[in-house]
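**Student:**
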Amino acid sequence: MGSLNGGAALRAAALAVALAVAALATGCNGGTVDSHALKRDAEKVASLATEGELLANDMAKGASTKYFARVHAKELSQAASDLADALSKRPTSPGIESDVRKLSRVAAKTSRHLEQLHLHPTSRNVAKSLEQPLTDDADAADKLAK
Amino acid sequence: MKIFQVALGILAAIGGFVDIGDLVFNVSAGATFGYQLLWVVVIGVVGIIVYSEMCGRVAAVSGKAVFDAVRERLGFRTGLMALISAQVVNLMTLTAEIGGLAICLQLLSGLPYRWLILLAGVGLAIVVWVTSFDWIERIFGYGGLCLLVFAVAAVKLHPVWGAVGHGFVPHMETESPLLYAYFAIGLLGAAMTPYEVYFYSSGGVEEQWGPKDLGLNKVNAMIGYGLGGFLSFALMIVGGSLFLDKGIEPEFLGSITLGAEVPLGQIGLLLGLVGILFAVSGAAIDTLFSGAYNLAQFLGWEWGRYRHPSGAPRFTLTWIVLLVLALGAVMTGVDPVQLTEFAVIFSAVALPLTYIPILLVANDRAYMREYVNGRLANTLGLIYLFVIMIVAVTAVPLLILTNVGQN
């Protein structure tokens, strides 16, 4: 193993770290929203709304716990809110601005619905009443993803 | 008492194989590709069994753990490179595990996340300080068995078993081959993450294995990692059955436990959370010890959990410093799940520096006497070395090309 070159390996590792940092940076919610990013973000919003609907369904059946429902609903709500904020501010490619802003509003609505689950983690009625709105949110986001 | 002796393998499997990285990658892989990547888990499980058995045998016959071999076989400079990469990946993983532990406690208690990070850190320090190695193995190994609830959940979700069976045959039905490759690399990296063998071989030395324990070593590696693989299958099937059709991208630990809650209700949720709690706690302890083992072995310090802390002061100081650094990192607000993905991919890059010296030492008759690798161990070892090289070379490009698995 004496042929292994420690300096070359070190440089390769440093390059790998630099590339990964660059990858992380590109993964952030910055930059212009193009049609591909719009599709990705719409799928994310639909995913959050659908997961919220799944949680609401369990809460309505009494199949979840108070703390899990409260904490997980908040996580989902926060993620939807972050997407809504980013989509309301970021510049867009020509021709898709209205869809991007519309998706921002859907994300904000999804966040508000999830926030209600967070605020009422033990109320089966509230959970039941939010199942359909969250399904509608997911459908609206899905339409924008196509 | 034999059943308790198998605990080392089970701890390594539950706290190593099924850690936050496996939870995230297996469920996400299922949610993205259904059951298509089950075959990759099989490859990863066989790989970790092959190399764990090898390094356990080296530990039993020569009394040397992995980083003793690294230092002796790679020389100081390249060995130092291996040490640095191992410690960076260890610290990233430890940070992710502590963050995951705090999230799990929050999902169980509803208390504020930052307070729970501190509680997790203090709790881990107390457990590591006051609990014997044997009991750490038993508590976290067997506590992690609560994860078996995901196997029940997988059955209750009524997957299409024909499709599950087809998943064990390598195939690719996707328009996103790069994303498929990224998940395959991530699953292999998560299965063969280096700290598992650091911990396993050092644990063998700690337990004073000798040649008479070689049978136990084989059983430990096969049962422990076999069980870990079984849990990985279950997690991927849950992801494929519950999330794929609904278009859900499970981005949180809470999403993963929904996989047990939906089919099994509160009891499924609670068992899932407790299982994850023990699994990530075990993994945090594995990585904590691994970091201290690696440094102590590389620098020739006294080391070992069986010694009183005053008998191995630099080893003890090392794990305390690592714990403080990881706590500081997770307190910055870094997302443990996202950090996990980076930790797994970087561990994939570091794989050759861990596994090459093990293969070399296991073939050295001066160390191993009549216990050197046989033909089967060498054939499998070389095949996996080839796989590991491919994984190491492609991991970072795939991370970039897929935007950390987002596209």
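Protein chains in written order, with my numbering: chain A, 307 to 452; chain B, 1182 to 1588. Virtual Cβ for every residue (Gly too), placed ideally from N, Cα, C.
(1) Just to make sure I have the definition right: I need the residues of chain A whose C-beta is within less than 7 Å of the C-beta of B:Leu1287. Which are they?
(2) Report the CB separation of B:Ala1402 from B:Glu1522 in whole angstroms; it is logged as a contact under 8 Å.
(3) 8 Å is my cut-off, CB to CB: does B:Lys1245 come that close to chain A?
(4) So B:Glu1442 contacts chain A; which residues on that side make the cut at Cβ distance below 8 Å?
(5) Taking all protein chains shown into account, do 16 or more other C-beta atoms lie within 10 angstroms of the C-beta of B:Pro1375, making it buried, or fewer, making it exposed?
(6) Alpha carbons only, please: which of B:Val1542, B:Val1515 and B:Val1221 is nearest the one belonging to B:Tyr1552?
(7) Looking only at C-alpha atoms, which of B:Arg1238, B:Gly1555, B:Gly1202 and B:Gly1562 sits nearest to B:Gly1396?
(8) Which of the residues in the segment 341 to 355 of chain A, read from start to end, lie with their CB under 9 Å from any CB of chain B?
(9) What three-state label does DSSP hand B:Val1341 in the structure shown?
(10) Thinking just about the alpha-carbon of each residue, which of A:His424, A:Leu423, A:Glu437 and A:Ala413 is nearest to the one in A:Leu450?
(11) Please look up how many angstroms separate the CB atoms of A:Leu462 and A:Asp405, rounded, as I've assumed it's under 8 Å.
(12) Taking a cut of 7 Å between CB atoms, which residues from the segment 416 to 440 of chain A lie near chain B?
(13) As an exercise, report each continuous alpha helix (DSSP H) stretch of at least 4 residues that is fully enclosed by the segment 343 to 416 of chain A, in chain order.
(14) When the distance is taken between beta carbons, is B:Gly1348 closer than 8 Å to B:Leu1132?
(15) Just to confirm before moving on: does the CB-CB distance between B:Gly1472 and B:Val1330 stay below 8 Å?
(16) From B:Arg1258 to B:Arg1252, what distance separates their C-alpha atoms?
(17) Which same chain residues end up closer than 6 Å to B:Thr1497 when comparing Cβ atoms and leaving out the 5 residues on each side of it in sequence?
(18) Have a look at the DSSP bridge pairing and note the partners of B:Val1128.
(19) Taking Cβ-Cβ distances shorter than 9 Å, what residues in chain A pair up with B:Glu1430?
(20) Could you tell me which chain B residues have their CB closer than 7 Å to the CB of A:Leu450, listed as they occur along the chain?
(21) Name, in chain order, the residues that DSSP records as bridge partners for A:Glu339.
(22) Mind listing the chain A neighbours of B:Leu1450? Cutoff is C-beta to C-beta under 7 Å, in chain order.
(23) Output needed in chain order: residues of the segment 1403 to 1427 of chain B with a Cβ under 9 Å from some Cβ in chain A.
(24) Does B:Leu1469 have its Cβ less than 8 Å from a Cβ in chain A?
(25) Go ahead and pull the three-state DSSP assignment for B:Tyr1323.
(26) By Cβ distance below 6 Å, which residues in the same chain neighbour B:Val1595 in space, the five residues on each side in sequence not counted?
(27) Use the C-beta contact count for A:Thr332: other C-beta atoms within 10 angstroms, 16 or more gives buried, fewer gives exposed.
(28) I want to see whether chain B comes within less than 8 Å of A:Leu409, judged by CB atoms only; does it?
(29) Shortest alpha-carbon distance to B:Ala1531 belongs to which of B:Asp1249, B:Ser1266 and B:Phe1248?
(30) Using the Cα positions of B:Gly1281 and B:Leu1439, report the straight-line distance between them to the nearest angstrom.
(31) Comparing C-alpha positions only, which one of B:Gly1446, B:Leu1305, B:Leu1326 and B:Ala1212 sits nearest to B:Val1505?
(32) Got a sec: is the Cβ-Cβ distance from A:Asp445 to anything in chain B below 8 Å?
(33) Within this structure, are the beta carbons of A:Ala362 and A:Leu440 separated by less than 8 Å?
(34) Report yes if the CB atom of B:Val1515 is closer than 8 Å to the CB atom of B:Thr1276, and no otherwise.
(35) Spatial neighbours of A:Cys334 within its chain, please: C-beta separation below 6 Å, excluding the five flanking residues on both sides.
(36) DSSP on B:Ile1201, reduced to helix/strand/coil?
**Tutor:** Quick answer:
(1) Sequence check: residue 1287 of chain B is Gln here, not Leu. Those are Val377, listed as they occur along chain A.
(2) No, B:Ala1402 and B:Glu1522 are not in contact; Cβ-Cβ is about 27 Å, not under 8 Å.
(3) no
(4) Asp364, Ala369, Ser370 and Phe374
(5) buried
(6) B:Val1542
(7) B:Arg1238
(8) His342, Arg346, Glu349, Lys350, Ala352, Ser353 and Leu354
(9) coil
(10) A:Ala413
(11) Residue 462 of chain A cannot be examined here, being either before or after the span of chain A that is shown, 307 to 452.
(12) none
(13) 372 to 395
(14) Here chain B has residues from 1182 to 1588 only, and residue 1132 of chain B is not among them.
(15) no
(16) 9 Å
(17) Pro1490
(18) There is no way to answer for residue 1128 of chain B, as the model of chain B reaches only from 1182 to 1588.
(19) Glu349, Lys350, Ser353, Leu354 and Glu357
(20) Simply none; closest approach about 13 Å.
(21) Note that residue 339 of chain A corresponds to Val in the displayed sequence, not to Glu. According to DSSP, which records beta bridges pairwise, A:Val339 is partnered with A:Thr398.
(22) Ser370, Thr371 and Phe374
(23) Leu1423, Phe1424 and Lys1427
(24) no
(25) helix
(26) As shown, chain B starts at 1182 and ends at 1588. That puts residue 1595 of chain B outside it, with no answer to give.
(27) Its pLDDT being 47, under 50, A:Thr332 is placed unreliably by the model, and nothing is read from it.
(28) no
(29) B:Ser1266
(30) 16 Å
(31) B:Leu1305
(32) no
(33) yes
(34) yes
(35) Residue placement at A:Cys334 is flagged as unreliable, the pLDDT there being 47, under the threshold of 50; a coordinate-derived value is accordingly withheld.
(36) helix
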